[in-house]
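Undergrad: Below you will find the structure I want to go over with you.
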Amino acid sequence: MNTAQLSQTLLAAWRQRNRDAPWERWLLSAVIVVPAVSAAIWVEGPLGRILPAVIVVLAMLIAWMVVASNLQLQNDPAAARFVPGHVRALQHAAWVGWALCTVLVAGVLWIGLSPFLRWQTLLLGSAAAASFALWASRAWWLWLMLCIYSPLLGVFRQQLEGPLAAVYGLWVAHTDGLLVLGLLALAAVVPAVIGHGDARHRRAYARQRRMQELQRMIQEGRQATPAQTFEGLERFSRPFDVVIGAWRRHVVVTADNRRLDSLMARADVVLSGNQHWTYQLLTAAAVLLLLTLSLAAVLAFTAAAPADLLKGGAFGITIGLASMAANPTLSRPVLWQTRREQALLRLLPGMPQGAALNRAVAWLGLRHALLAMLGVTVLVLPLAAFTGPWGLLWLPLMAVPWALWSTTRPVAAMRMPTAMSTMLPIFGYYATALAGYAATERGGVPMLPLAGAVLLLSGLWGRARWRQLDGQPAALPAGRLS
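Residue numbering for the sequence shown is 1 to 482, as defined by my numbering.
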């Protein structure tokens, strides 16, 4: 495999990029470059080197994950079986990409962390991170395992002290030898990520293609059914099918075209698609059940005190709960998926038109967002009271202004959602919640007056935006004026 072929293989993700929205890449670059340069210039002491190094390393690992994911797409099972040299070429590309990522990440970390860690430790850790990112591009459950089990390291701290001390002593005594063995072991698992066209490879490739197809359907405005979403996992999709089917039968049996709530309940089944409140409720129940079982398992098999466990995991639990609230808060782009059916919805007898339709659609989204926010607040409130940091409540509180902004935007002028346009509001939501948390927990600002001011200003701003709905074009079909 020559240099030209290698560059084509590794840079395929860049050559296949979306050229219709270059501003997204510039914005993403600014999000990475501006904080790194600002930290290097204005932050004094060791932190002035550590922060830029960490930001650059995260950007490198994200870029490597994009390349690794594209290598998986190139690893077609048919080509792997029938094209001579296809598997070997991808394995060489994976090796080169892994080595480059390891060296670059280790070099940047050495610049920022050399006074604290030895270069051997940084090199081995960088190689392990690059290997994990490569394998996670094929086995998505590795991310799930990382999110679930990494917080438990603090719980098992006492049990791990002995083994970790033994490993550290062995590392100090035989650093160079263990470094070589570790790098060889990690390098050995790199080519195994490339499939050879067997049945297992075909199943993994089909899952990856199915996920891409679902993303393409969403962008094209087509709605995926639970069977398509959970293909191969019918046991998980069955509760969704049962509940949404029961709700559909209910709204049809109790249909009354003279009542606006009955009309909008039927319309919501179409408008919300897979973001319907039944899906969100079942997802929230599944997450809470998994969280409860995880906490019960930790308490059953360890000597950890419940108070210590909740205090250590309060922030992570709140983030998880807030993620469920952010979904209905910022789910307005879902209207793009069902825009083809929305023209028929306007013909439904009794369906509001004009400004009344704008208010009805906006209230539908706002009501779901506020109810989700209240539900998360009810769950977070006792957690904050028990663990101490009342600033955790900023996550559900900040959902209010973002919900008002999202639901009162002109629906008729919305553009096709992209990954960047969908993620930026979510990033802004978490950034504003973090700012409120920092102001109250770190800056000493009283929580109650500041929260009251935010809610008051949000209410006044939302009232002004609500009045503007009367002057907007009819909401449905969404995106027809874009």
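Cβ coordinates follow ideal geometry from the N, Cα and C atoms, glycine included.
Look at ARG409 and GLY479 and say whether their C-beta atoms are less than 8 Å apart.
TA: No, the pair does not count as a contact, with Cβ atoms beyond the cut-off.
Undergrad: Using DSSP with H/G/I as helix, E/B as strand and the rest coil, what is ARG480?
TA: Three-state result, ARG480: coil.
Undergrad: Is it buried or exposed, MET60, if we count other Cβ atoms within 10 angstroms and call 16 or more buried?
TA: The residue is buried, with at least 16 neighbouring Cβ atoms inside 10 Å.
Undergrad: In three-state DSSP terms, what is ALA267?
TA: It is helical.
Undergrad: Across the segment 99-113 and the segment 125-136, are there enough close Cβ pairs to call them in contact, namely three or more that are closer than 8 Å?
TA: Touching, yes, given that three or more Cβ pairs across the two stretches are closer than 8 Å.
Undergrad: Where does VAL411 sit, in a helix, a strand or coil, going by DSSP?
TA: Note: VAL411 maps to coil in three-state DSSP.
Undergrad: Report, in whole angstroms, the separation of the C-beta atoms of HIS92 and LEU6, which I expect to be a contact under 8 Å.
TA: The pair is a contact, with the Cβ atoms about 7 Å apart (cut-off 8 Å).
Undergrad: Would you kindly work out how many angstroms separate the C-alpha atoms of LEU271 and VAL334, rounded to a whole number?
TA: Those two C-alpha atoms are separated by around 8 Å.
Undergrad: Classify TRP140 as helix, strand or coil using the three-state DSSP reduction.
TA: The answer is coil: DSSP assigns TRP140 none of H, G, I, E or B.
Undergrad: Using C-beta distances below 7 Å, list every residue in its chain close to TRP247, excluding the 5 sequence neighbours before and after it, in chain order.
TA: Same-chain partners within the cutoff: THR278.
Undergrad: Please state the DSSP three-state secondary structure of PRO239.
TA: Looking at PRO239 - three-state DSSP - the assignment turns out to be helix.
Undergrad: Considering only the beta carbon of each residue, do ALA326 and ILE426 sit closer than 8 Å?
TA: Cβ atoms of ALA326 and ILE426: closer than 8 Å.
Undergrad: With a threshold of 6 Å on Cβ separation, who are the neighbours of ARG346 within its own chain once the five nearest residues in sequence on each side are excluded?
TA: LEU476.
Undergrad: Rounded to the nearest angstrom, what separates ASP268 and ALA255 at their Cα positions?
TA: Answer to the nearest angstrom: the Cα atoms are 13 Å apart.
Undergrad: Just to confirm before moving on: does the CB-CB distance between PRO77 and GLY197 stay below 8 Å?
TA: Yes.
Undergrad: Check each candidate in ALA139, TRP394, ASP176 and ALA136 and name the one with the smallest Cα separation from LEU448.
TA: Nearest option by C-alpha distance: TRP394.
Undergrad: Measuring alpha carbon to alpha carbon, tell me which of ALA204, LEU142 and GLN120 ends up nearest VAL172.
TA: VAL172 has its Cα closest to that of GLN120, out of ALA204, LEU142 and GLN120.
Undergrad: Taking the alpha carbon of LEU282 as the reference point, which residue from ARG238, ILE319, LEU71 and ALA130 has its own alpha carbon closest?
TA: With distances taken between Cα atoms, LEU282 lies closest to ARG238.
Undergrad: In the DSSP assignment, find the unbroken alpha helix (DSSP H) run with ASN358 in it and report its ends.
TA: Element bounds for ASN358: 354-387.
Undergrad: Please determine, among VAL105, PRO396, LEU186 and TYR205, the residue with the shortest C-alpha to C-alpha distance to TRP95.
TA: Nearest of VAL105, PRO396, LEU186 and TYR205 to TRP95, Cα basis: LEU186.
Undergrad: Thinking C-beta only, is LEU260 closer than 8 Å to PRO352?
TA: For PRO352 and LEU260, yes; Cβs fall inside 8 Å.
Undergrad: Roughly how far, in whole angstroms, is the beta-carbon of ARG138 from the beta-carbon of GLN72, given that I think they are within contact range, below 8 Å?
TA: Indeed, because the Cβ distance is near 6 Å, the residues count as touching under 8 Å.
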